[in-house]
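K.L.:
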Amino acid sequence: MRNKTLIIASIVCAVLLTAAATALILQYRAGSSGEIEITLGGETIYKGPGTSAETKYIDIEGAAGAVRVRIDVEGAAVESSDCPNRECVKMGYLKSKYLPIVCLPNRLVIRYTDADEDVDAVSK
Ligand SMILES: [Zn+2]
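The sequence shown begins at 9 in our numbering and counts up by one.
1) Between which residues of its own chain and I74 is the CB-CB distance below 6 Å, once the five residues before and five after are set aside?
2) Counting only runs of 3+ residues fully inside the region 12-70, write out the beta strand (DSSP E) ranges in chain order.
3) Considering only the alpha carbon of each residue, which of I46, L24 and A17 lies closest to I118?
4) Are E62 and R76 closer than 7 Å when you measure CB to CB?
5) When the Cα atoms are used, what is the spatial distance from T59 to G83?
6) State yes or no: is the C-beta of S88 nearer than 6 Å to some heavy atom of ligand 1?
7) For K105, is the classification buried or exposed, using 16 other Cβ atoms within 10 angstroms of its Cβ as the cut-off for buried?
8) I think R115 touches L48, with their Cβ atoms under 8 Å apart; what is that distance to the nearest whole Å?
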């Protein structure tokens with residue numbers, strides 16, 4: 009009898025945890041659907057939607073070579089790059105407004121434009 013209660017309690021806990029996690033993920037995703045900005049050496053070279061129904065490519069000539077940024081239905085990602093370690097390509101899609109895609113050798117940054125506003129709101 010005691011065991012049964014324990015099992016039911018742990019199932020309820022697991023369900024609640026899953027629901028909470030799902031809600032968090034959904035909120036997180038909804039928060040990252042804004043506009044993106046691509047900067048090269050501090051200069052903005054692209055500003056616009058972070059997703060595109062039709063896949064589009066932005067070719068950039070960075071300090072370390074050519075970079076191709078892809079924007080599709082899933083988001084923005086570095087498709088290919090001539091930089092030495094290709095960390096930017098490995099990062100995949102831009103997921104969080106707090107974690108920009110950075111290519112240090114090319115001085116390239118892809119980030120959500122509302123990231124700064126959010127940081128300001130928190131520090132006030
Ligand atoms: Zn890179």
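The beta-carbon is built from N, C-alpha and C at its ideal position, and this holds for glycine as well.
P.N.:
Looking at the atomic coordinates:
1) Ile is not the amino acid found at residue 74; the sequence shown has Ala there. Excluding residues up to 5 positions away in sequence, D90 lie with their Cβ nearer than 6 Å to the Cβ of A74 in the same chain.
2) If we require 3 residues or more, the beta strand (DSSP E) runs fully inside the region 12-70 come out as 43-48, 51-57 and 64-70.
3) Nearest to I118 by C-alpha distance, out of I46, L24 and A17, is I46.
4) The Cβ atoms of E62 and R76 lie no closer than 7 Å to each other.
5) Approximately 4 Å between the Cα atoms of the pair.
6) It does not: the Cβ of S88 is nowhere closer than 6 Å to a heavy atom of ligand 1.
7) By the neighbour-count rule (16 or more Cβ atoms within 10 Å), K105 is buried.
8) Contact holds; Cβ gap of about 6 Å.
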